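J.:
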Amino acid sequence: MELIFVNILDGLVTGLLLFMLCSGLTLIFSMMGVLNFAHASFYMLGAYFGYEISTFVGFWPGLIFAPILVGIAGALVERYGLRRVHQYGHVPELIFTFGLALLIEEIIQFFWGKNIMAYDEPDILNFVAFSIAGNAFPAYKVFMIFVAMGIFLVLLYILTRTRVGLIIQAALSYPNTVQNLGHNVPLVFMGVFGVGTALAGVAGVIAGPVLGTFPGMAVVLGSIVFVTIVIGGLGSLWGALIASLLIGWLQTFAASYNIVIGDVLVSIGFTRPENLDDSALRDLWTLTVSQIGPILPFLLMVLVLAIRPQGLFGKRES
Amino acid sequence: MKKVTGMILGSVMAGVLGFTATAAIAADNIKIAFIDPLSGPFATTGTNGLAEWKFAVENLVNVKGGVLGGTKLEVIGFDNKISPKESLIQLQVAIDQGIRFIAQGNSSGVANALTGAIKKHNKRNPDKQVIFLNYAAVDPALTNDKCNFWHFRFDANADIKMDAMIDVIAKDKAIDKVYIIGQDYSFGKAVAAAAVRNIEAKMPHAKIVGNELHPIGKVKDFTPYARKIIASGANAVITGNWGSDMLGLGKAVIKAGYTGPIYTYYAASSGITKAFGAAGKGVIRVVSEGTLNPPISDRVTTYVNAFKAKYPNNNVSQLRIANTVEMLAKAIDKAGSTEAIKVAYALEGMEIDSIWGGKVKMRKVDHQAIQNVYILAHTDENMTHALDNSPYGLLTENTVVDAGMDSPTSCKMKRP
Amino acid sequence: MNTTTKATASQRSATPLISLPQLAPWLIAILFLLLLPVIFNSGSALTIMNQMAITIVFALAYNMLLGQAGMLSFGHAVYMGLGGFFCVHLMNMVEFDGLWLPLPLLPLFGGFFGLIFAIIIGSFSTRRAGTVFAMISLGVGELIAASSIIIVAFFGGEEGISADRTMGPETFGFDFASQLEVYYLTAIWLVISAAAMYLFSRTPIGRIANAVRDNEERAEFLGYSQRYVRMISFCASGFFAGIAGGLFAINFEILTEENLNLGTSGVILLVTFLGGVGFFIGPIVGAVVFTLLQTVLSQYTEIWQLYLGALFVATVMFFPAGLTGLLAMHIQPFKLGKSSLLLRPYMRMLVPILVCFLSIAALLETAFHARHAPIGENEMNLFGIVFDSHGVLPWVVIVVLVLGSGFLVKRLAPELKEAWDDANYLEPRS
Amino acid sequence: MSAPAIELRGLKKSFGLAEIIRGLDLKIEKGERHAIIGPNGAGKSTLFNLITGRFHVTEGTISMHGERIENLKPYQINRRGLSRSFQITNIFPKMTVFENIRCGLLWTMGYKYSFWTLVSRQHHLTERTEEILEKIKMTERRDDIAGVLTYAEQRALEIGITIAGGADIIMLDEPTAGMSHSETDHIVDLIRDVTEGKTLVMVEHDMGVIFDLADKISVLVYGEFIASDTPEKVRANAKVQEAYLGAASEED
């Protein structure tokens, strides 16, 4: 019973981390119609910048400056890359961000090499916040939860209470009309891309010490981020939040319980083959849910798209 | 029109290709092709291995005047991008350059592809036969069901290492709950199977409280696994994880409040030692075929210091590379030739004194090297040769002499 | 009704299948393929050429989706990989179960299995184009790649499944033990598949696929179901990808998870786009250039993937029509007989541009060497020049070269642009 | 044989709460040239989209030659012999003029999804395409990419694609929108020529064009027909003059 509570908390941390990435990605998609394949690469940039800054002045300045640097990098990419490709249409845009993801990974290896970076949480947070039945819950994770919640509240405030937010909201619902309102659309685009990538940068800085800072970190997370916003519904911030939490818990609980598929099959009426080695499906019988945990989101996405192409909370189709 | 321009472009590029394919044959060094990842996500281990190879060849063989009375050895790196397909292409390129010794180690998948391809190649091209020096791929199958005459393994395989590991764990009677976790692929499964077999045989008092596999390279956060380990009450964890899966698992388990030992195969160097740092002290154990701390002789210290002076950002971490190079040199001298088949026969049953202590013997029946296996602890105490330019390194805790000497094999070697 | 019967009647009217000018490029290509191994006869050259041929077939198949039907797939390796896996199993059945199957026919079975899986997956993924299709392809790709590690019985885990191609019945006295025989087999299949894919693009469905790509709604109002058109394109593409998988199985005699994963799918997108999606020969050019870059460049520099990534991003940004598009841009001036106008500015630009690229590469290489090379090995060899990567002088020289050539390129660019505009219009503009 | 070409009964369409089409009844006989007019926002394009299957019907029925067609897919309706053009030019911009027209022909000439015939070898297909190009007077632009044509040319091409398949019901959505007088005259001639013997349904703003071409006119205001009769009678209708023509003259 206690374990379930711990799992809920762990899943919350994973889900909120995902949301930090998804919120930026979905903002960018809503405004610009670009599904940014390189979003997780900006997350990785955030972690590396954070690490580099932390080696000089410690963790906390990194938390402030690394996302700003990532945001600037993102804005520059929009200004000098994406804006150019925009005229060719959405498919080339998608391909551009795909290429960008490859390029960023190479650039990071160029400067930092291929090793895992020794990026650690600040000492001030390196203690156990509380324990549940012998399971320690590190203070850093509590910190992660608060940062993610904070970001969500700030985003919510900006979107619903400020002028910029209103423009963005309008763009979410009526992408074509905003153009006609006389707003400096290119500037708004650049700003949104910068802020979106900066959010990914924040996620990178705070996730880097926990999940490891290495050149493959973007790939591990990259496609899951897409999957999340596709499931949540492209362009829906609430959808992104709910899908993030859903996937966070899905993965946590899948990894936490060793349910064997064979047992499930038996319980719904199949009979186990006498000699498993001869059976072509032998691997299916011995499979556990935790083995397939990380691919469950993909399965979920394919199902959702096949049944409801606009995603759970999406209003528009792509 | 377009077609023709395409053709012209093609022929120009093909010209470049032809040039490179034939240009490299020069000098009369004996060349060893090092086919391992030199780019991409696994390049760290690959480039480190290449540095170790180059250094070993220079310092163990060439400074003494080389082989066959004066011929030098030379290691040439080929980037296989850890892809089986690329490995086969690079193998072909290496053979074309007249190279007859192929060294590879990263990924048993690649080793499997290579050993199969080399077997077929040697059968189809008797005039261009090559030897496969497997210095790190530890999938037991390579010296069992899939063994062949051209393949020699210089590392202790996963079964032998597990055998030694459980021998050591069994001495500690306080350990009665063991948790086994690994990556979901052949090596992870081999480790799990060997662990179960050995625990059942040697630790009747102990219980396996968990045995599971997780997808390889796809787990972002190991916390849920760590929770299960804590909940199971385990007081020893065994894992074959490597790379970021190793670091992620180790960190998550420690953060979740686990304080017992984690027995591993690959929780050292490539940044992992540095990243574990203080957190891993007293927890991380590594099973290895050699040890640096305490160094058994001045020779070790000189060797490692010279290496660090030359490659300050790398580690002497794959100790069997030195053994491989020394054995190969001895075999070439013994055969009096670089012909693959003669060298292969010379290697069978060969025995040398390892620079790291003890003896290394190439078992004839399955081409598996038999050597001492050590259980090392991650610590910063008594460190002569730390890793990753950090204060931390690996210190010998236990030694199993000639581990797996009598281990069974299902290999039915066919000799040409 | 009336028009239908007339149409079928006219199909039977006797015309030569194809005229000589149309045939010429194909004949040249075939001749070229025949002669290649005479010039490059080393085992590695043959292996690389085979690899190139396989990539060409796969890239052409991929372009049936991306270029012809406007569908962006992030998981097309699945169909090639599955075709290949089935072929390896067939080879093993030939060896161990006595199945009678001559090796040259194997790719056909690969295609057949690629087709079956394309039908299954296409039945739900082709309902929509654009992002939804791209995301489903990504999801399915990840799922199948992940299950390839889990379902060991069929996929062999990460070690994959291997086989021996020489165990089948001999075909015309060939047992396909030598690389050369395999080369010719691959080349024959390359020509057959390329011709079939070319002809496919000239059939009614091929044309209507273009129409659906351009304007799916309009196509619906002309009597065509866009979903059905996409489905057929997808299946055809899956079939030819499966053939490429069969060829891969014959050449490498092993299939692994690598053949199914996102990386391979990404590479084929890169290859196709680099070559140019708008042209039939685009993927061919892309496959040739990419394979050479990958095999040759990686022998010379550790950071080849950085160059490749930069090249790809630059292509998307500046030449969305790919390398072939770059060449095709010159057809218009050529037709107008004004290509000579371009010659002079090109010659003037050539040296600065070359110097610019090479010096940027030198900058990257030197920086990389200075940062990552072992201590004591300060000397590096670049373009045959040996120098000290930690010294000040080389850095000054390189930076001056980069800035100087960059400045020259910028200076000369307007002149080139003007000449280009002139060369593309019939009348000299006032 | 007596069934009208198109018949609407109690047709309704709502978007959310807004009812755009509020119960339409209409019969268009075979061979009739029928114009639908009405002020902006009256629902003319929506009506077109309902008939051609682009939108789903909320209530009511649509029949074509006596058979129900409401809620069928656009391609199914097209295969029964109804073809339409669009208010906003809707062609295949990356293909040549010739290929645009040929795409319009492929289905009805029986090629369907065939992948065993080569289009270039189908002389009959090529001839038909050439004939249509001749008809819309675009033979000279045969090999040009459609995206680079002038606006008027694209409109003509749009009509060419629409009539290519030989459908017996042609629906044109504002074929002369945005054209100069001479261009309009040319298009009107073209429409008269190519719809000879066919049923024509068109939405149009230009009254000159309507009175020139139409046999019957229906006036749509706020989702309802306020009149449906011959041009002369519609012109004389007081309600129409008040609701539509009056408003139109104010606009001028």
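Keeping their order, the protein sequence lines are chains V, A, Z and H. Taking my numbering, I'd label the letters of the first sequence as residues 65 to 382. Taking my numbering, I'd label the letters of the second sequence as residues 10 to 425. Taking my numbering, I'd label the letters of the third sequence as residues 17 to 446. Taking my numbering, I'd label the letters of the fourth sequence as residues 143 to 394. From the three backbone atoms N, C-alpha and C, an ideal C-beta is built for every residue, glycine too. Since the model is a prediction, treat every value here as computed from it, not as a measurement.
Have a look at Ile215/V, Arg336/V, Tyr115/V and flag the residue whose alpha-carbon is nearest the alpha-carbon of Pro273/V.
T.: Start at 1 with the first residue of the first sequence, and residue 273/V comes out as number 209. Of the listed residues, the one whose Cα sits closest to Pro273/V is Tyr115/V.
J.: Counting only Cβ pairs nearer than 9 Å, list the residues of chain Z close to Pro224/A.
T.: Translated into positions along the second sequence, residue 224/A becomes position 215. Within 9 Å Cβ-Cβ: Ala162, Ile165, Ile166.
J.: So which of Phe162/V, Val77/V, Gly122/V, Phe69/V has the shortest CA-CA distance to Val501/Z?
T.: Beyond the ends of chain Z as shown, which are 17 and 446, falls residue 501/Z; an answer cannot be given.
J.: Check each candidate in Val382/A, Asp254/A, Ser419/A and name the one with the smallest Cα separation from Val410/A.
T.: Numbered from 1 along the second sequence, position 401 holds the residue referred to as residue 410/A. For Val410/A, the nearest C-alpha among the options comes from Val382/A.
J.: For the region 70-110 of chain A, which segments carrying the alpha helix (DSSP H) assignment without a break, of at least 4 residues, lie completely within its bounds, in sequence order?
T.: Listed in chain order, they are 93-105.
J.: Once you ignore the five residues that flank Gly185/H on each side, which residues in its own chain have a CB closer than 7 Å to its CB?
T.: Position 43 of the fourth sequence, counting from 1, holds the residue named residue 185/H. Once the five neighbours on either side are set aside, the close Cβ partners of Gly185/H are Ile162, Ile163, Leu362, Gly365.
J.: Keeping to the same chain, check which residues put their C-beta closer than 6 Å to that of Asn407/A; ignore five residues upstream and five downstream.
T.: Taking the second sequence and counting its residues from 1, one reaches residue 407/A at position 398. Excluding positions up to five away in sequence, the list reads Val177, Ile384.
J.: Going by the beta-carbon positions, is the gap between Ala126/A and Leu151/A smaller than 7 Å?
T.: In the second sequence, the residue the question calls residue 126/A occupies position 117. In the second sequence, the residue the question calls residue 151/A occupies position 142. No, they are not a contact pair.
J.: How far does the alpha helix (DSSP H) with Ser60/Z in it reach, from first residue to last?
T.: Reading the third sequence from its first residue, position 44 is the one you call residue 60/Z. Start and end: 59-79.
J.: Using CA coordinates, which residue listed in Thr80/A, Leu47/A, Ala277/A is at the minimum distance from Ile293/A?
T.: As a position in the second sequence, residue 293/A is number 284, starting the count at 1. Comparing Cα-Cα distances from Ile293/A to each of Thr80/A, Leu47/A, Ala277/A, the minimum goes to Ala277/A.
J.: Which stretch, first to last residue, makes up the beta strand (DSSP E) that contains Val139/A?
T.: Walking along the second sequence from the start, residue 139/A turns up at place 130. No beta strand (DSSP E) contains Val139/A, which DSSP labels as neither H nor E.
J.: Go through its chain and collect everything with a Cβ distance to Val376/H's Cβ below 6 Å, but skip five positions before and after it.
T.: Counting from 1 along the fourth sequence, the entry for residue 376/H is found at position 234. Within the same chain, Val376/H has close Cβ partners Ile359, Ala369, Val382.
J.: Strictly below 9 Å CB to CB, what residues from chain A border Gly286/V?
T.: Position 222 of the first sequence, counting from 1, holds the residue named residue 286/V. Those within 9 Å of Gly286/V in chain A number zero; the least Cβ separation is about 11 Å.
J.: Determine, using beta carbons only, whether Gly279/Z and Leu290/Z come nearer to each other than 7 Å.
T.: Residue 279/Z sits at position 263 when you count from the first residue of the third sequence. Residue 290/Z sits at position 274 when you count from the first residue of the third sequence. No, they are not a contact pair.
J.: Any contact between the region 191-203 of chain Z and the region 53-70 of chain Z? By contact I mean 3 or more CB pairs, one from each, below 8 Å.
T.: As far as the Cβ criterion goes, the region 191-203 of chain Z touches the region 53-70 of chain Z, which means the pair count is three or higher.
J.: Report the neighbours of His388/Z on chain V: residues whose CB is nearer than 7 Å to its CB, in chain order.
T.: As a first step, residue 388/Z must be located in the third sequence, where it is residue number 372. Simply Gly177.
J.: Could you please give the first and the last residue of the uninterrupted beta strand (DSSP E) stretch that includes Ala262/V?
T.: Counting from one through the first sequence, the residue named residue 262/V turns up at place 198. No beta strand (DSSP E) holds Ala262/V; the alpha helix (DSSP H) holding it covers 249-275.
J.: Assign Arg308/A to buried or exposed, taking buried as 16 or more other Cβ atoms, counted over all protein chains shown, within 10 Å of its Cβ.
T.: Position 299 of the second sequence holds residue 308/A. Exposed, because fewer than 16 other Cβ atoms sit within 10 Å of the Cβ of Arg308/A.
J.: Could you name the residues of chain Z that Pro93/A contacts, counting a contact when the two beta carbons are closer than 8 Å?
T.: By 1-based counting over the second sequence, the position of residue 93/A is 84. Result: Gly176, Phe268, Ile270, Thr272, Glu274.
J.: Against chain Z, with Cβ distances strictly below 7 Å, would Tyr253/H count as a contact?
T.: For this step, residue 253/H is matched to residue 111 along the fourth sequence. Yes - at least one Cβ of chain Z is within 7 Å of the one on Tyr253/H.
J.: Any beta carbon from chain A within less than 7 Å of Val328/V's own beta carbon?
T.: For the purposes of this step, residue 328/V is taken as the residue at position 264 of the first sequence. Judged by the 7 Å Cβ criterion, Val328/V is not in contact with chain A.
J.: Strictly below 7 Å CB to CB, what residues from chain A border Ala193/Z?
T.: In the third sequence, residue 193/Z corresponds to position 177, counting from 1. What Ala193/Z touches in chain A: Arg133.
J.: Going by beta-carbon coordinates alone, are Leu366/Z and Ile414/Z separated by less than 7 Å?
T.: Start at 1 with the first residue of the third sequence, and residue 366/Z comes out as number 350. Start at 1 with the first residue of the third sequence, and residue 414/Z comes out as number 398. Result no, Cβ atoms of Leu366/Z and Ile414/Z do not sit closer than 7 Å.
J.: Grab me the residues of Tyr240/Z's own chain with a C-beta within less than 8 Å of its C-beta, minus the 5 sequence neighbours each way, in chain order.
T.: Here residue 240/Z is taken as the residue at index 224 of the third sequence, counted from 1. For Tyr240/Z, where only same-chain residues beyond five positions count, the Cβ hits under 8 Å are Ile224, Ala227, Val228.
J.: Assuming Val187/A contacts Ile217/A (C-beta within less than 8 Å), just tell me the rounded distance between them.
T.: By one-based count along the second sequence, residue 187/A stands at place 178. By one-based count along the second sequence, residue 217/A stands at place 208. Val187/A to Ile217/A, Cβ: 5 Å. Contact.
J.: Helix, strand or coil for Met87/Z? Go by DSSP, reduced to three states.
T.: In the third sequence, residue 87/Z corresponds to position 71, counting from 1. Met87/Z falls in the coil class under three-state DSSP.
J.: Who does Thr292/V pair with in a DSSP beta bridge?
T.: In the first sequence, the residue the question calls residue 292/V occupies position 228. DSSP output for Thr292/V lists no bridge partner at all.
J.: Step through the CB atoms of chain Z and report whether any lies within less than 7 Å of the CB of Ile270/V.
T.: Reading the first sequence from its first residue, position 206 is the one you call residue 270/V. With 7 Å as the cut-off, Ile270/V does not count as an interface residue toward chain Z.
J.: Classify Leu68/Z as buried or exposed, calling it buried when 16 or more other Cβ atoms lie within 10 Å of its own Cβ.
T.: As a first step, residue 68/Z must be located in the third sequence, where it is residue number 52. For the sequence presented, residue 68/Z should be read as Met rather than Leu. Buried, by the Cβ-count rule.
J.: Taking CB distances under 7 Å as the criterion, tell me whether Ala227/Z reaches chain H.
T.: Here the question's residue 227/Z lines up with position 211 in the third sequence. With 7 Å as the cut-off, Ala227/Z counts as an interface residue toward chain H.
J.: Thinking C-alpha only, which one of Val119/A, Ile104/A, Gly86/A, Asn71/A is nearest Ser92/A?
T.: In the second sequence, residue 92/A corresponds to position 83, counting from 1. The shortest Cα separation from Ser92/A among Val119/A, Ile104/A, Gly86/A, Asn71/A belongs to Val119/A.
J.: What residues in the region 257-279 of chain A bring their beta carbon closer than 8 Å to a beta carbon of chain Z?
T.: Against chain Z - using a Cβ distance shorter than 8 Å - the region 257-279 of chain A contributes no residues.
J.: Let me make sure I understand the geometry here. Which of Ile152/Z, Arg360/Z, Ser375/Z, Asn397/Z has the alpha-carbon closest to that of Gly138/Z?
T.: By one-based count along the third sequence, residue 138/Z stands at place 122. With distances taken between Cα atoms, Gly138/Z lies closest to Ile152/Z.
J.: Hey, would you say the C-beta of Gly189/Z is under 6 Å away from at least one heavy atom of the ligand SAM?
T.: With respect to the ligand SAM, the structure offers nothing, as it holds no ligand at all.
J.: The region 231-244 of chain Z: which residues have C-beta closer than 9 Å to a C-beta of chain H, in chain order?
T.: The residues in question are Asn231, Glu233, Arg234, Ala235, Glu236, Phe237, Leu238, Gly239, Tyr240, Ser241, Gln242, Tyr244.
J.: Which chain A residues are close to Asp180/Z, counting only those with a beta carbon under 8 Å from its beta carbon?
T.: Reading the third sequence from its first residue, position 164 is the one you call residue 180/Z. Correct list: Lys129.
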